[in-house]
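Taking it in order: structure first as structure tokens, then the write-up.
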Amino acid sequence: MNNYEKVWNLFKKTGDIRYFLLAKSIKESEGSVDNEDSGREGTSSKRD
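Using our numbering, the letters of the sequence shown map in sequence onto residues 1292 to 1339.
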């Protein structure tokens, strides 16, 4: 279990938004922000 998963589990268990923000920060630093929880930033989704 990596750091992201540990922090995410703490967020799910406690509901503390600080854990969510920390998990998001960890995910971004890993360079993989393609999950639904990180929002839709940039032009990654096309709309025709």
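All C-beta atoms, glycine included, are put in the ideal place defined by N, C-alpha and C.
Cα-Cα separation between residue i and residue j, rounded to whole angstroms
i, j, result
"Tyr1295", "Phe1311", "10 Å"
"Lys1315", "Gly1306", "14 Å"
"Ile1308", "Phe1302", "7 Å"
"Lys1297", "Gly1322", "18 Å"
"Glu1319", "Leu1313", "10 Å"
"Ile1317", "Trp1299", "10 Å"
"Asn1293", "Lys1304", "17 Å"
Close Cβ partners of residue i (< 8 Å) along its chain, the five nearest in sequence each way excluded
i, result
"Ser1329", "Because the pLDDT of Ser1329 is 49, which lies under 50, any placement of that residue in the model is unreliable, and the number read from its coordinates should be weighed accordingly. Lys1315, Lys1318, Glu1319, listed in sequence order."
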